[in-house]
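>
2 protein chains.
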Amino acid sequence: MKPVRIGLLGCGTVGGGVVQLLHENARYLASRVGAELSIARVLVRAPERERVPQLSRALLTTDPELLFNDSSIDLFVEVIGGVDPARAYVERALDQGRSVVTANKMLLALHGPALVDRAIARGADLAFEGSVGGGIPIVRTLREALASDWVVSLRGIINGTCNYILSRMSLEGSTFEAALAEAQELGYAEAEPSLDVDGHDAAHKLVVLAMLAFGARVSIGSVPVEGIRRIQPIDHQFAARFGFAIKHLAIGRDHGGAVELRVHPALVRRESVLANVSGVLNAIALEGRALGPCLLSGRGAGDLPTAVSVVADIVDVARARLHGTAGLDTRAIQLQARPVQPLEDLVCRSYLRFPVRDRPGVLARIAGALGECGVSIEQMVQQGSSSSETPVQIVLLTHAARERDVTRALLLLRDADFAVQPALRIRVDE
Amino acid sequence: MKPVRIGLLGCGTVGGGVVQLLHENARYLASRVGAELSIARVLVRAPERERVPQLSRALLTTDPELLFNDSSIDLFVEVIGGVDPARAYVERALDQGRSVVTANKMLLALHGPALVDRAIARGADLAFEGSVGGGIPIVRTLREALASDWVVSLRGIINGTCNYILSRMSLEGSTFEAALAEAQELGYAEAEPSLDVDGHDAAHKLVVLAMLAFGARVSIGSVPVEGIRRIQPIDHQFAARFGFAIKHLAIGRDHGGAVELRVHPALVRRESVLANVSGVLNAIALEGRALGPCLLSGRGAGDLPTAVSVVADIVDVARARLHGTAGLDTRAIQLQARPVQPLEDLVCRSYLRFPVRDRPGVLARIAGALGECGVSIEQMVQQGSSSSETPVQIVLLTHAARERDVTRALLLLRDADFAVQPALRIRVDE
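These protein sequences, in sequence, are chains A and B. Going by our numbering, the first sequence opens with residue 1, and the numbers climb by one from there. Going by our numbering, the second sequence opens with residue 431, and the numbers climb by one from there.
1. Applying the criterion that 16 or more other CB atoms from any shown protein chain within 10 Å of the CB defines a buried residue, is serine 624 of chain B buried or exposed?
2. Keeping to the same chain, check which residues put their C-beta closer than 6 Å to that of alanine 516 of chain B; ignore five residues upstream and five downstream.
3. Just verifying my parser: in three-state terms, what is the DSSP assignment at lysine 2 of chain A?
4. If you measure from the beta carbon of glutamine 140 of chain A to each beta carbon in chain B, is any gap under 8 Å?
5. Where do the ends of the beta strand (DSSP E) carrying valine 507 of chain B lie?
6. Show which residues of chain A have a CB atom less than 9 Å away from the CB atom of valine 738 of chain B.
7. Bridge partners of histidine 694 of chain B, per DSSP?
8. Just to confirm, is the Cβ distance from leucine 94 of chain A to leucine 67 of chain A under 8 Å?
9. Please confirm whether any heavy atom of the ligand COA lies closer than 7 Å to the CB of isoleucine 234 of chain A.
10. Nearest-angstrom Cα distance between proline 355 of chain A and proline 305 of chain A?
11. So for alanine 367 of chain A, helix, strand or coil by DSSP?
12. Within a Cβ cutoff of 6 Å, which residues of the same chain sit near leucine 485 of chain B, ignoring the five residues on either side of it in sequence?
13. Using CA atoms only, rank isn't needed, just tell me which of B/Val562, B/Ala577, B/Gly527, B/Gln766 is closest to alanine 549 of chain B.
14. Using a C-beta cutoff of 8 Å, does glycine 682 of chain B count as contacting chain A?
15. Going along the chain, which residues of its own chain have a beta-carbon closer than 6 Å to the beta-carbon of serine 278 of chain A, five neighbours each way excluded?
16. CB-CB under 7 Å to alanine 179 of chain A, same chain, minus the five flanking residues each way: which ones, in chain order?
17. Any C-beta of chain A sitting closer than 8 Å to the C-beta of threonine 820 of chain B?
18. With DSSP as the reference, please indicate the residues paired to glycine 330 of chain A in a beta bridge.
19. Among residues of its own chain, excluding the 5 on either side of valine 207 of chain A, which ones have a beta-carbon nearer than 8 Å to its beta-carbon?
20. When the distance is taken between beta carbons, is proline 391 of chain A closer than 8 Å to valine 420 of chain A?
21. Excluding the five sequence neighbours on either side, which residues of its own chain have a C-beta within less than 6 Å of the C-beta of glycine 7 of chain A, listed in chain order?
22. Helix, strand or coil, according to DSSP, for aspartate 733 of chain B in the structure here?
23. Give me whichever residues DSSP pairs with valine 101 of chain A in a beta bridge.
24. So, for arginine 140 of chain A: in the same chain, excluding its five sequence neighbours on each side, which residues have a beta-carbon less than 8 Å away from its beta-carbon?
25. Taking the straight line between their C-alpha atoms, what separation do you get for isoleucine 568 of chain B and alanine 283 of chain A?
26. Buried or exposed: which applies to valine 847 of chain B, given that a residue is buried once 16 or more other Cβ atoms fall within 10 Å of its Cβ?
27. Kindly give me the distance between the Cβ atoms of alanine 680 of chain B and glycine 586 of chain B, rounded to whole angstroms, as I take these residues to be in contact under 8 Å.
28. Assuming arginine 143 of chain A and leucine 212 of chain A form a contact by the criterion Cβ under 8 Å, report the distance between their Cβ atoms to the nearest whole angstrom.
29. Measure the beta-carbon distance from isoleucine 664 of chain B to lysine 635 of chain B and round it to whole angstroms, keeping in mind my assumption that it falls under 8 Å.
30. Name the chain A residues whose beta carbon is nearer than 8 Å to that of threonine 837 of chain B?
31. Over what stretch of residues does the beta strand (DSSP E) that includes glutamate 808 of chain B continue unbroken?
32. Helix, strand or coil, according to DSSP, for asparagine 159 of chain A in the structure here?
33. Count the other CB atoms within 10 Å of the CB of valine 777 of chain B; is the residue buried (16 or more) or exposed (fewer)?
34. Is the segment 402 to 414 of chain A in contact with the segment 453 to 463 of chain B, if contact means three or more CB pairs nearer than 8 Å?
35. Closer than 8 Å, CB to CB, is arginine 462 of chain B near chain A or not?
36. Apart from the five residues on each side of it in sequence, which residues of its chain come closer than 8 Å, Cβ to Cβ, to valine 811 of chain B?
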């Protein structure tokens, strides 16, 4: 049978991994697909840059027209990342009725539902296993393995940078800044880290997961997002003392009408599986109505893990094309616009840390303000100070309370004369 | 399009779950498959028994000929379990060129490769996601997600009964007997529990995993198997003291020529993810050459979780049949006869517990025998005895040592005058 020809859009780390895997596993992949997989042409910005040795330089071009005007190309693989120009390329391929495999979480979070519609309208496939959780087969699991189940909720550690930084802080007592610098040195964090450490990358992935898990079409702007910049080593110490670890979580829950989606640091029970997912590992815990709990974990990023996911998608999409079933998998993604539940309605326990001036009555005033707002305290610890200049830390765990009540209490206390900084608040996830 | 007609062989707990899920998700499943899924007939032994309410009693029969002679049946689902008569039915269906979905690990462990050959010869599919790990999509992951990767090793907690018993022993200090009785009461263990607690069920599943992960055709008899009957509460206490938990593991590793396959209790680091997989949960940790580490966890048994896996297979097999691609997935299972590496060559640390009579010099003699065999001791603890009648427990951790040397040392010590019982030996998995 004649080979399936692939147009590769971008050839950075993930693209290089894809080239490598296609080359090394050519025979087995051909047996899976029923035809050889061949790279027809590779669109790059800098053709002079060094590439993986398995890539023939003759395939490189900077001219997108050479790919889109080549009707012998059967499918496109987009590994450029970001919205522009990736979006225009993906749209153009789909409009030509050609299937697209992408690992681009930002593009999907911002324009996923529209791209899915576009693919369905033209009978093409849009596959995106590589966009969430690197090599973890989470998209496949949501799409295929749970075909007969309803996902009730999901909780995930889906940003490796945050997880690495929090793990180092917890294990080594490092500050956020030191752990971030270390992550940057090791290539686990970008020079400009805000997309990761402020939680936006996790929010992008959560929106993709919500599409598959809940069939939800949501606006990324409506997802509450918090990062990890304000967490200090002392928070890890207190969390441990209370029996918890601090993890950066993406949480989703199907409430029928609205969906609950949120991204923030959280205290999770020390002995839970998620608490023990360390370093750059990612993990996603699902709860299926029939399946019960299910957890998938692995390397959330990196060239090869993500490439493994991209190649698995290429196999599916190529097979569908060969067998005349292109578009069937994508048609099964049934999306419906869903409101995101307002965070104020959330009920959970909270960890609160108040950096205060050490003076009599502070503890009582904090307890008083919380009580006034209907937030009751489960336990409270005051960390002594060695000098009168360094602030004292008052740390407490509340009983389950409504988000809006906690927020109100923190507002009351923010401008108190004893407050050195606004309180840090971390939700407890249980 | 005309419906895909299913012949259901057996209708116990898993079969009932399949009927229920097919009924509840009929519309969505039809959209995934491209045609309705309909149960044509159900083979049972006791038609008078109560069944799930979604099942029309008119479909029940005790006569297999009514199914095998009905050429309108497109595919068979075997959820009888055990080798006879399941094997004959599966063979007959495959010989008729009809695809089979099965959840039968014992059948697959004993006759899997022959059944795969049979399916390939007749262009049918043999799908078996439900045979390992209940609802955990491990077969799909090995088959599809890792299409471009090589699985180097796998370690799994794949028997829920053992994991439940060990978790209770560790958490509550229960004896094996008490924890087993509790598991039986809750329906987590059979009245005749030896298939589970002696490790055979885990060995069956490991052989199925080895087929997919390593393409290995091995004889079940060549897999070393140990159960958990000899473990006592005190072993959990010592393991915890050394920083470990005791888990019943199935371990596989591809050594190129031979494969390493073994099933036994093991000490795993307290803070590792596997150590924190508790109760009836199962988990399988893979190491892919490109993917790196990957873990899947969830309910390993039960009617609905396993039924979710069976239905996912039904969707695949039905789609393949509709689109003329039946047999393609099964042809991708490339099996080769592989020897199982002899256990004597294994090198690992060991936990050893010697129940001995408290008399001077015992510790020296144990240390001496181990030293003589080249096994060096990392740490040693002696648990005092309150009376001269109860034996003293000498517990130690060895450095990494060769299996055959440890075995030789234990043989030397077995008949020593101070020995009350043979030593208990648990391998350390790290």
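Glycine is no exception: its CB is placed at the ideal position from the N, C-alpha and C atoms. The structure presented is a predicted model; accordingly, all values stated were derived computationally and were not measured.
By the coordinates alone:
1. Within the second sequence, residue 624 of chain B is the residue found at index 194, counting from 1. By the neighbour-count rule (16 or more Cβ atoms within 10 Å), serine 624 of chain B is not buried but exposed.
2. Counting from one through the second sequence, the residue named residue 516 of chain B turns up at place 86. Correct list, in chain order: Glu508, Ile510, Asn534, Leu537.
3. Taking the first sequence and counting its residues from 1, one reaches residue 2 of chain A at position 2. If DSSP states are grouped into helix, strand and coil, lysine 2 of chain A belongs with coil.
4. Mapped onto the first sequence, residue 140 of chain A falls at position 140. With the sequence shown as reference, residue 140 of chain A is identified as arginine, and glutamine is not the correct amino acid for it. Chain B, which has a Cβ nearer than 8 Å to the Cβ of arginine 140 of chain A, makes this yes.
5. The residue labelled residue 507 of chain B in the question sits at position 77 within the second sequence. Unbroken beta strand (DSSP E) run through valine 507 of chain B: 505 to 508.
6. Looking up residue 738 of chain B in the second sequence gives position 308. Neighbours of valine 738 of chain B on chain A, chain order: Ala145, Leu146, Ala147, Ser148, Asp149, Gly288, Ala290, Leu291.
7. Numbered from 1 along the second sequence, position 264 holds the residue referred to as residue 694 of chain B. Beta-bridge pairing links histidine 694 of chain B to B/Leu679.
8. Within the first sequence, the letter at position 94 stands for residue 94 of chain A. Within the first sequence, the letter at position 67 stands for residue 67 of chain A. Cβ atoms of leucine 94 of chain A and leucine 67 of chain A: not closer than 8 Å.
9. Although the ligand COA was asked about, the structure shown includes no ligands whatsoever.
10. Sequence index remark: in the first sequence, residue 355 of chain A carries index 355 (1-based). Sequence index remark: in the first sequence, residue 305 of chain A carries index 305 (1-based). So the two alpha carbons sit approximately 42 Å from each other.
11. Locating residue 367 of chain A in the first sequence gives position 367, counting from the first residue. DSSP places alanine 367 of chain A in helix when its eight states are reduced to three.
12. Counted from its first residue, the second sequence places residue 485 of chain B at position 55. Closer than 6 Å at the Cβ level, and outside the excluded window around leucine 485 of chain B, lie Val449.
13. To locate residue 549 of chain B, count along the second sequence from 1; it is residue 119. The shortest Cα separation from alanine 549 of chain B among B/Val562, B/Ala577, B/Gly527, B/Gln766 belongs to B/Gly527.
14. Reading the second sequence from its first residue, position 252 is the one you call residue 682 of chain B. Judged by the 8 Å Cβ criterion, glycine 682 of chain B is not in contact with chain A.
15. Along the first sequence, one-based indexing puts residue 278 of chain A at 278. Cβ neighbours of serine 278 of chain A beyond the five flanking positions: Ser167.
16. The residue labelled residue 179 of chain A in the question sits at position 179 within the first sequence. These residues qualify, in order along the chain: Ile165, Arg168, Met169.
17. Mapped onto the second sequence, residue 820 of chain B falls at position 390. It does not; no Cβ of chain A falls within 8 Å.
18. For the purposes of this step, residue 330 of chain A is taken as residue 330 along the first sequence, with counting starting at 1. Looking at the sequence provided, one finds threonine at residue 330 of chain A rather than glycine. Bridge partners of threonine 330 of chain A: none, in fact.
19. Locating residue 207 of chain A in the first sequence gives position 207, counting from the first residue. Leu108, Ala109, Gly112, Val218, Ile220, Val223, Leu261.
20. Counting from 1 along the first sequence, the entry for residue 420 of chain A is found at position 420. Counting from 1 along the first sequence, the entry for residue 391 of chain A is found at position 391. For valine 420 of chain A and proline 391 of chain A, yes; Cβs fall inside 8 Å.
21. Walking along the first sequence from the start, residue 7 of chain A turns up at place 7. The residues are Ala40, Arg41, Leu67, Ile73, Phe76.
22. Position 303 of the second sequence, counted from the start, is the residue given in the question as residue 733 of chain B. Aspartate 733 of chain B: helix per DSSP, three-state reduction.
23. On the first sequence, residue 101 of chain A is found 101 positions in, with the first residue counted as 1. BP columns for valine 101 of chain A point to A/Val77, A/Ala127.
24. In the first sequence, the residue the question calls residue 140 of chain A occupies position 140. Excluding sequence neighbours, arginine 140 of chain A sits near Glu129, Ala312.
25. Here residue 568 of chain B corresponds to residue number 138 of the second sequence, with the count starting at 1. Here residue 283 of chain A corresponds to residue number 283 of the first sequence, with the count starting at 1. So the two alpha carbons sit approximately 16 Å from each other.
26. Within the second sequence, numbered from 1, the residue matching residue 847 of chain B stands at position 417. Correcting the residue identity first, residue 847 of chain B is aspartate in this sequence and not valine. It counts as exposed.
27. Reading the second sequence from its first residue, position 250 is the one you call residue 680 of chain B. Reading the second sequence from its first residue, position 156 is the one you call residue 586 of chain B. Right, the Cβ-Cβ distance comes to about 5 Å (below 8 Å), so this counts as a contact.
28. Along the first sequence, read from residue 1 onward, the residue named residue 143 of chain A stands at position 143. Along the first sequence, read from residue 1 onward, the residue named residue 212 of chain A stands at position 212. Indeed they touch by this definition, with Cβ atoms about 6 Å apart.
29. On the second sequence, position 234 is the one that residue 664 of chain B refers to. On the second sequence, position 205 is the one that residue 635 of chain B refers to. That belief does not hold up - the Cβ atoms of isoleucine 664 of chain B and lysine 635 of chain B are roughly 29 Å apart, past 8 Å.
30. Here residue 837 of chain B corresponds to residue number 407 of the second sequence, with the count starting at 1. Simply none; closest approach about 33 Å.
31. Indexing the second sequence from 1 puts residue 808 of chain B at position 378. Glutamate 808 of chain B -> beta strand (DSSP E) spans 807 to 813.
32. To locate residue 159 of chain A, count along the first sequence from 1; it is residue 159. Reduced to three states, the DSSP call for asparagine 159 of chain A is coil.
33. Taking the first residue of the second sequence as 1, we reach residue 777 of chain B at position 347. Its Cβ having fewer than 16 others within 10 Å, valine 777 of chain B is exposed.
34. no
35. By one-based count along the second sequence, residue 462 of chain B stands at place 32. Answer yes: the Cβ-Cβ gap between arginine 462 of chain B and chain A drops below 8 Å somewhere.
36. Position 381 of the second sequence, counted from the start, is the residue given in the question as residue 811 of chain B. Cβ within range, chain order: Phe668, Arg671, Ile824, Val825, Leu826.
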